[in-house]
Each structure stands twice: as structure tokens, then as C-alpha cells.
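Just so we're aligned: 30 in full-length UniProt numbering is position 30 of the sequence shown, and the numbers increase by one with no gaps anywhere.
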Amino acid sequence: MAVHVIETKEQFEDKIKSGKYLVDFYATWCGPCQMLLPVLDEIAPQLEADNVEILKINVDELQDVAGEYGVMSVPTLFVVNNGETVAQDAGFKPGDTLVEWVKAN
């Protein structure tokens, strides 16, 4: 598994129905979002070992999804387990912190 960019609302809804996901709401113009990208690539294998997939959603392209999740700033991160949001946080986080946060939820 790698970091997957979600392109449609339907794709996102189908994907999160089952399994555990770290969802990154981002924007291409956001500095902290760009800083987070290599961190997500780095931690993807660690999360994959725990059956967690990373999904990225561009808030400018999927405004309806961002609105449904109440995203007010970027980056905003969610842990979604079998379609249910179990944790939410905003801002840049180092890789180790993210892995611990996802595992705790």
C-alpha cells in the first residue's frame, strides 16, 4: 500500500466502508501540507503493517467531502475505522507522532 489520492466522493465513500484509514485533507498551496507529504510516504509501510491505509483528499477538488467532515484548516487528519471517524487533528505532525496517534485510535 502507498499513499492514495482520492479523486471522487464516491471513491472515498466506497473505500472507507471497511478497514482503517488515515485520511489527510490537504491543499496544493498549503506549506505544512507539502511538508507532510514525505512524512506520509515514510510512515506508509509502518501503517501498512497494521493494516492502515493512507488516503489524501484535496480540499479544493473535493469541497463537498471536506465540508461534510467539517474541515476548516489544512492539513486536517482523520482516523476512520469501518466508516466511522474515531479521531481528528489538524496541523503538521512528525512521523513518529502520527504513527502513535493512529495506533492509539
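Think of the CB as a built atom: it goes at the ideal place given N, C-alpha and C, for glycine as much as any other residue.
If we count the other Cβ atoms within 10 Å of its Cβ and call it buried at 16 or more, is P75 buried or exposed? So P75 ends up on the buried side.
Separation of D96 from M35, as counted between CA atoms: Whole-angstrom Cα-Cα distance: 15 Å.
Taking 8 Å as the threshold (beta carbon to beta carbon), is Q88 in contact with chain E? Reference to chain E is not applicable here, since this structure consists of a single protein chain.
Cross-strand partners of K103 (DSSP beta bridge): Answer is none; K103 lacks a bridge partner.
Measure from the alpha carbon of N58 to the alpha carbon of each residue in V52, E42, L37 and D50, then state which is nearest. Nearest of V52, E42, L37 and D50 to N58, Cα basis: L37.
Check whether L55 and Y26 have beta carbons under 8 Å apart: Result no, Cβ atoms of L55 and Y26 do not sit closer than 8 Å.
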